[in-house]
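There are 2 protein chains.
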Amino acid sequence: MKKFVYPFEEGKKELKLLLGGKGANLAEMTKIGLPVPEGFTITTEACIKYYDDNKKIDEEVSQQIADRLKELEIKTGKTFGLKENPLLVSVRSGAAVSMPGMMDTILNLGLNEETVEGLKELTQNGRFAYDSFRRFIQMFSDVVLGIDKHNFDIIFDNQKKFRNIKNDSDLTEEDLKTIINEYYKVVKLEAGINFPTDPKEQLFMAIDAVFDSWNNQRAMIYRKAHGIPDDLGTAVNIQSMVFGNMGEESGTGVAFTRNPATGESGVFGEFLLNAQGEDVVAGIRTPLSIHDMKNVMPEVYDEFIRICEILEEHYKDMQDIEFTIENQKLYLLQTRTGKRTAKAAIDVAVDMFEEGLITKNEAIMRVEPIHIDQMLHPNFNEELLKNSKLIGSGLPASPGAASGKIYFFPEDIVAAKERGEKAILVRKETSPEDIEGMINAEGILTSRGGMTSHAAVVARGMGKCCVAGCSEVMVYESKKEMKAAGNVYKEGDWISLNGSTGKIYEGNIPVTEINLTGKFNTLLEWADEIRDLGIRTNADTPKDAKNAVDFGAEGIGLCRTEHMFFDESRIIHVREMILAQNVEERQIALDKLLPFQREDFEKIFEVMEFRPVTIRLLDPPLHEFLPKEESDIEILSKDLNIDKEKITDIINDLSEFNPMLGHRGVRLAISYPEIYAMQIRAIFEGAVNIYKNKGFIPNVEVMVPLVGLIKEFTIVKKTIEEIADEILEENSLTDMNYKIGTMIEIPRAALTAGEIAAEAEFFSFGTNDLTQMALGFSRDDAGKFISIYKEKNIFEKDPFETIDVNGVGKLVEMATENGKKSRPNLKVGICGEQGGDPESIDFFNKVGLDYVSCSPFRVPVARLAAAQAKIKQE
Amino acid sequence: MKKFVYPFEEGKKELKLLLGGKGANLAEMTKIGLPVPEGFTITTEACIKYYDDNKKIDEEVSQQIADRLKELEIKTGKTFGLKENPLLVSVRSGAAVSMPGMMDTILNLGLNEETVEGLKELTQNGRFAYDSFRRFIQMFSDVVLGIDKHNFDIIFDNQKKFRNIKNDSDLTEEDLKTIINEYYKVVKLEAGINFPTDPKEQLFMAIDAVFDSWNNQRAMIYRKAHGIPDDLGTAVNIQSMVFGNMGEESGTGVAFTRNPATGESGVFGEFLLNAQGEDVVAGIRTPLSIHDMKNVMPEVYDEFIRICEILEEHYKDMQDIEFTIENQKLYLLQTRTGKRTAKAAIDVAVDMFEEGLITKNEAIMRVEPIHIDQMLHPNFNEELLKNSKLIGSGLPASPGAASGKIYFFPEDIVAAKERGEKAILVRKETSPEDIEGMINAEGILTSRGGMTSHAAVVARGMGKCCVAGCSEVMVYESKKEMKAAGNVYKEGDWISLNGSTGKIYEGNIPVTEINLTGKFNTLLEWADEIRDLGIRTNADTPKDAKNAVDFGAEGIGLCRTEHMFFDESRIIHVREMILAQNVEERQIALDKLLPFQREDFEKIFEVMEFRPVTIRLLDPPLHEFLPKEESDIEILSKDLNIDKEKITDIINDLSEFNPMLGHRGVRLAISYPEIYAMQIRAIFEGAVNIYKNKGFIPNVEVMVPLVGLIKEFTIVKKTIEEIADEILEENSLTDMNYKIGTMIEIPRAALTAGEIAAEAEFFSFGTNDLTQMALGFSRDDAGKFISIYKEKNIFEKDPFETIDVNGVGKLVEMATENGKKSRPNLKVGICGEQGGDPESIDFFNKVGLDYVSCSPFRVPVARLAAAQAKIKQE
């Protein structure tokens, strides 16, 4: 005879297909000696048979259920339908694959007019007993009899109204009895039957309902969508109920096997005597610490500690458990991996390795990259946050939390900072001219722009909190005010930003401090041992570079030279250069810029020492460097002694419809070779100076941006070689090695990578631009529709944050493959924003990139993610 | 004994490797009976031997040359160095592959102090004889003796100065003798030898020089760059000189075997008696018509006619020949395929097929696509053009020629047209609001934008002349003037545009009429028989559609619905729709637009009948439809009774940094599904009306633009199906078939084409956008650097005009392949501008597209190009 019903102690986790996920789990817990309330599982085969038999439970199956039920009564000492000591059970569906739409849990099955009185006796709590009964009727009617919940809600609410009561818990036993009587009427009216009083009848009806739910609409659609076979069937789990409110020898509680906040070893949790279910969480009585159990019920406590040890030994992770004590007997109702703070996650992982519970790889996998990120940024005090008014929500552009007074202009931020105020910069969008304001602000809020807008990129580089593209906030810069959630906030008003969630709050909310533990570094050192991917940083200043090296960066993957152009002392020369009417005039301005750039590079070389420094030649369109405001144009006109109208003409002439696809990157070098020539000179003269003054030769990689056509690259490459070799020969430094490579950020470059690699010594994927062009999404404009796209599930993740594997990823893969085929020692990296995104890092590792480069504050995250990627691939 | 020297009559074209290209050619001409001046070829093997023997001509070779020279003297009756009847020869290099850097031609070798006097006698022209001698010395000294030309130029110029003479031809025989004496001195001084007087010595020195030139710097670099082997060697061609200036029995002329202007059959050309070389072209005497020869020298004439027949029979094409008559003996100096006008090209091709000279395929290949284009557009009168002042040059955006008074605003154009003036619209760039002005203008000139800018695309659609992106012209719209070539042109001034060359002229230049012959249509009908590619058109109006059908379009490949939105009667509702604050308001405006759109479609269906009509749903970003000028906003504010500030706010809010990568295409449908819903309703209600009123069911293909992600498409597809099916069911027209497909214009769509084809029934490559994104070139901005790119040879062709095969082409190929793999009956077309470009059509044919779609006036070009593509592939 086939076995259609398994007591928990006869199953095991390997029987998942037969017992369903939940059944196999309960069996496994029982098997390893955990005190799980007794019960049994009706197999998925019984479900299949049910359908084979035209939705009837076969007699044989029915008999096996009855037999197991009898056993259950014996084991628990309780009896179905017996008033004095009634057996109550829960009924749960449980397929091999978890699936929405299946039947919900039914608790307290076995209650009727008799047994409810028994429950009242046992718990000495009539309200509890009748409320349990009411809930049972309601749930049973809904899922088994198919009666609309709404019918019951009306009755319940009417009774509250009638008694002028606000909280459900204020309903008395009598009220509940009244409600139950009304419920009976509904059942009679809607289902045409009396509510079943025989527990066995209740049970079989519930089992039928579980089986039926396997083929309900929602489940079928879900299976179809996910390719789950229709003939797997579901199992049914029947488990005896236990009660913690049976007196002072009973109780209930929740606990963690370690402290989920600090990660400290040792059981952590609380419990209540003579209580049931949600009483602990509800906070009506003050619970006791788990350690007080030692005094109250020492034997139970010992058992509890033993169980926690079994749990950690078995699950190899911190567990979050719910338990009930029924008359001195401990039951484990649930165990799951415990949620924890970032600090706890890291400390527990390191501790567990040291305790010999898990391997280093497992420790690495145990910590989520977001945990690393959280450790690096301040956060709001959770308690205070609860009482704060949310006034808007934007993109979580740069993590961390910040409070401050709002200001709308960079110069006002600087002034506020000088007055000792904390200030938040609020703008429609930021531009390179706002840098000073961004440096001095606690945080940045913009109403436009996406995850890779100027504000977002720069803020992440600084490790500064930023919420970007918050279209709910209307910014009126000229009026120095903003509108949000129907209120007007003026200059000087306090707001608080959470750059990790994108939320904006009114007022001043205190933030927590950053505190990096030794275990944090230990874990990252382990990650370094494991990972293959190199980790570099995107850094434009010596300060950023230093920061990144401290965070473990192994080089600079992207040093943007244009950010240097915006410095107050240089921008005038930059503008002079742009407004030049001929090459000679332009050269004069460039000659003035040369010493500045040379010094910039020297300082960065000094910080980076032997590590590679990838310097990208000028990338943005020239108009980005020109003033926009009338008044600024006037000043410039006076400073340079150029007619105002002429400047305006040039600005208009340089303006572009689609600057992202315009005259920038290597295209500038084709039109104005002298600009790159100056930059190249600055790089190599800087390198020579470092050699002369510091005694080491910097590890320079010159990168040409926006290459789409091979000749663009070869033209610039020739210039680089000529200038570099001239300078190095003049200074007898011909043994300095340097590399010349290119960004791969134009789809065409990715498509013709083999040809480009024949000339370029390295590739660096500029995934911001590559995504922008491959998807046709302007990163500055996409904010307007990207949220709808997420909402409608057109894509799951913002493709600027996480690489679009099927589209952009295909280009990255093709280009890497063809590039390395054409030049086997080609170095391939990525310096877009995705370089710091764990999911993307996993992809980059898979397709064989050599390194990722990200903003300094993402370096630790990338180190962990790279190690995890390696482990996953093994 | 190996044969190192071949008389022309012993060679043939198959011996190209041995005789070089030129030698094989001369041999072939001789072989088919053409009276080529006698001569012989020294083989490439002799050259190789020369190098093997350390740059010495072997005795054996030397002997063979001498033998052939002797033979030549006998055949020509002339003798080397004999004053009375001197043999003069030309010496020319001739490798198997033509190559720059090789030795130039030396003419009149054999001249010395004696023979020059003989030549004077024979021609009765001392000036001619001594000038020939002077030239010979100069050329010989340069290429054989390696003396800098400059030395001779100084002497020559000094003599002119001394004699106060302007033109070379004014130098007398005496002058030339003086010059020659000075030349001798230079040779002595520079080369250390006396100028060689022995013709044989001259000849061998020249042969050495030809062989040496095989390994000169320029030739070696060229061979290396083009992968030509270094050991091919060059041949040397020695040919006797003939003279048409030996009296009234001699002469020289040029002729075509048919009329190169009209294509008419029969020899066409002119000649001069007693004349030599360039005399005919120089125009000193009025030449005679070739037919006058019949009277002057009837036998020569008959011979001439016979030769023309041989030529056409042999070369199967109209020949352009140079001939000389020396004492009643006709010599053919040169024959090559004759250049011809568009009309001649077409007529000759059709005639030659009918004469049985060539096949249909050959006839098709004989006509260049540009010829077809020229036939469809007016052109300037060539003569009058010569005297016109060129004032600038832009992109040849839409072919044809136009003259008119300039106006800067569309309304001024309309007014001018009403006054009966011819007007040219001049603007920085055009926008859809300028349509009325464009319709009423003779031609359009813009200072910005590329080959696919608004002005260019619309003008091509209209078949109207347009010069775009002419950055040399400064347009000051507000002042109603433009600056060009240093002059200011004001409203009302005349200019003339050539849209085929991009040139702009001052003043009014008359244009030629269009006159399509029957042969034009015959040729295109042959093309239709041959081609595989379907030819559709891009047409937005019934008029364009009609035009295109008349030109042979087989369907509409792109009907842009947005152009309909700009009509005066609708734009107000479009704006109302955009400014709507919620879906209800938007629906109200859309309901007003519905009848307009429905009628638009009905009219187009009516024209197109059974042919497929691909309708693209709304594509441009909404802000394109909103007014830009303050005053227009004010009017709109009054019209719609919406606060002006509010409108400005919305305009600002909708504005985008990179509109090409912004909120447009299917993205609009995701945000505002009701817009597409209206358009879909209009399409299918229109189809129903056509069925009811005209009795046929239109062949509708609905196209979703800018799809990059499969879900974008499936969401819209579902809407289309729902609305279409509802309308068709309501009207009992369920047997109407329609297709739903998508543009492939985003690189990601091309990369994931397999996935998209599973849902889409057709693809249409939008190569404008695809090029824009794959190359990262904004088509509206690229004008600024694209000319430098062409200049520096970074690419040869504007990638918006001709498909970039290695980049964009790879995407097209991948997408076509993967699309058809996923759905074998997937229809694949292209509706970008490249759909009318012959080189691109060749590529599209090769990768297996089903059709190309282009503007109406390109349809005939595309028909021919498609046939040629097919023939080339066979």
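For the record, the sequence lines run as chains A and B.
Residues in the first sequence are numbered from 1 upward in steps of one, following my numbering.
Residues in the second sequence are numbered from 1 upward in steps of one, following my numbering.
Just so you know, even glycine gets a beta-carbon here, dropped at the ideal spot from N, CA and C.
Next on the checklist: Once DSSP output is grouped into helix, strand and coil, what is the label at R163 of chain B?
Outcome noted: coil
Item to check | Interfacial residues, the segment 643-661 of chain B to chain A, with Cβ spacing under 8 Å | outcome: E656, F657, N658, P659, M660, L661
Checklist entry - Given that a residue counts as buried once 16 or more other Cβ atoms are within 10 Å of its Cβ, and exposed if not, what is D735 of chain B? => result exposed
Next on the checklist: For the structure I just gave you, are there three or more beta carbon pairs, one from the segment 834-845 of chain A and one from the segment 859-874 of chain A, closer than 8 Å?
Outcome noted: yes
Item to check | C-alpha distance - R427 of chain A paired with P510 of chain A, whole-angstrom precision | outcome: 23 Å
Next on the checklist: Would G534 of chain A and L497 of chain A qualify as a contact pair, given that the criterion is a beta-carbon distance under 9 Å?
Outcome noted: no
Next on the checklist: As an exercise, report each continuous beta strand (DSSP E) stretch of at least 3 residues that is fully enclosed by the segment 696-748 of chain A, in chain order.
Outcome noted: 699-704, 738-744
Item to check | Strand pairing of F268 of chain A, partner residues [DSSP] | outcome: A:F256
Item to check | Check whether Y505 of chain A and L390 of chain A have beta carbons under 9 Å apart | outcome: yes
Next on the checklist: At the 9 Å Cβ level, is F785 of chain A part of the contact set with chain B, yes or no?
Outcome noted: yes
Checklist entry - Residues of chain B with CB under 8 Å from M773 of chain A, in chain order? => result L661, P747, M773, A774, G776
Checklist entry - When the Cα of D168 of chain A is compared with those of A:D153, A:N181, A:E182, which residue comes out closest? => result A:D153
Checklist entry - Taking Cβ-Cβ distances shorter than 7 Å, what residues in chain B pair up with R667 of chain A? => result F785
Item to check | Rounded separation between A580 of chain B and P399 of chain B - CA only | outcome: 42 Å
Checklist entry - With 9 Å set as the bound, which would you pick, yes or no: does the beta-carbon of F795 of chain B sit closer than that to a beta-carbon of chain A? => result yes
Checklist entry - Exposed or buried, which one is A923 of chain B when buried takes at least 16 other CB atoms within 10 Å? => result Within the shown structure, residues of chain B are numbered from 1 to 874, placing residue 923 of chain B beyond reach of any answer.
Checklist entry - Roughly how many angstroms lie between the CA atoms of R285 of chain A and N181 of chain A, to the nearest whole one? => result 31 Å
Next on the checklist: Rounding to the nearest angstrom, what Cα-Cα distance links D540 of chain B and E576 of chain A in this structure?
Outcome noted: 48 Å
Checklist entry - Which runs of the beta strand (DSSP E) fall wholly inside the segment 424-452 of chain A and span at least 3 residues, in chain order? => result 443-446
Item to check | Runs of alpha helix (DSSP H) lying entirely within the segment 385-427 of chain A, each at least 4 residues, in chain order | outcome: 410-418
Item to check | Neighbouring residues, chain B, relative to N806 of chain A (Cβ below 7 Å) | outcome: T752
Checklist entry - Of all the beta strand (DSSP E) runs that stay within the bounds of the segment 310-383 of chain A, which reach a length of 3 or more residues? => result 319-326, 329-337
Checklist entry - Hey, quick one: how far does the alpha helix (DSSP H) through T648 of chain A stretch, first residue to last? => result 644-654
Next on the checklist: Can you look up R598 of chain B in the DSSP assignment and give me helix, strand or coil?
Outcome noted: helix
Item to check | chain B within 9 Å of D208 of chain A, Cβ atoms only | outcome: no
Checklist entry - To the nearest whole angstrom, what separates the beta carbons of E674 of chain B and R586 of chain B, a pair I think is in contact under 8 Å? => result 6 Å
Item to check | Endpoints, beta strand (DSSP E) assigned at T30 of chain A | outcome: Where T30 of chain A is concerned, there is no enclosing beta strand (DSSP E), although the alpha helix (DSSP H) it sits in stretches over 16-31.
Next on the checklist: In the DSSP output, which residue or residues are listed as bridge partners for N825 of chain A?
Outcome noted: The partner list for N825 of chain A (beta bridge, DSSP) is empty, contrary to what the question assumes.
Item to check | Whole-angstrom C-beta distance between Y691 of chain B and I697 of chain B, which should lie under 8 Å | outcome: 5 Å
Checklist entry - Thinking just about the alpha-carbon of each residue, which of A:K603, A:Q64, A:F625 is nearest to the one in E568 of chain A? => result A:F625
Next on the checklist: I want to see whether chain A comes within less than 9 Å of E185 of chain B, judged by CB atoms only; does it?
Outcome noted: Here residue 185 of chain B is Lys; the residue named in the question, Glu, does not match the sequence. Cβ-Cβ to chain A under 9 Å: no for K185 of chain B.
Item to check | Local Cβ density within 10 Å of F610 of chain A, reported as buried at 16 or more and exposed below that | outcome: exposed
Item to check | Neighbourhood of I205 of chain B by C-beta distance below 6 Å, restricted to the same chain and skipping five residues each side | outcome: A quick correction: the sequence has Met, not Ile, at residue 205 of chain B. V144, listed in sequence order.
Checklist entry - In three-state terms, what does DSSP make of C47 of chain B? => result helix
Item to check | Where S289 of chain B falls: helix, strand or coil (DSSP) | outcome: strand
Next on the checklist: I believe A455 of chain B touches A468 of chain B by the beta-carbon criterion, under 8 Å. Please report the beta-carbon distance rounded to the nearest angstrom.
Outcome noted: 5 Å
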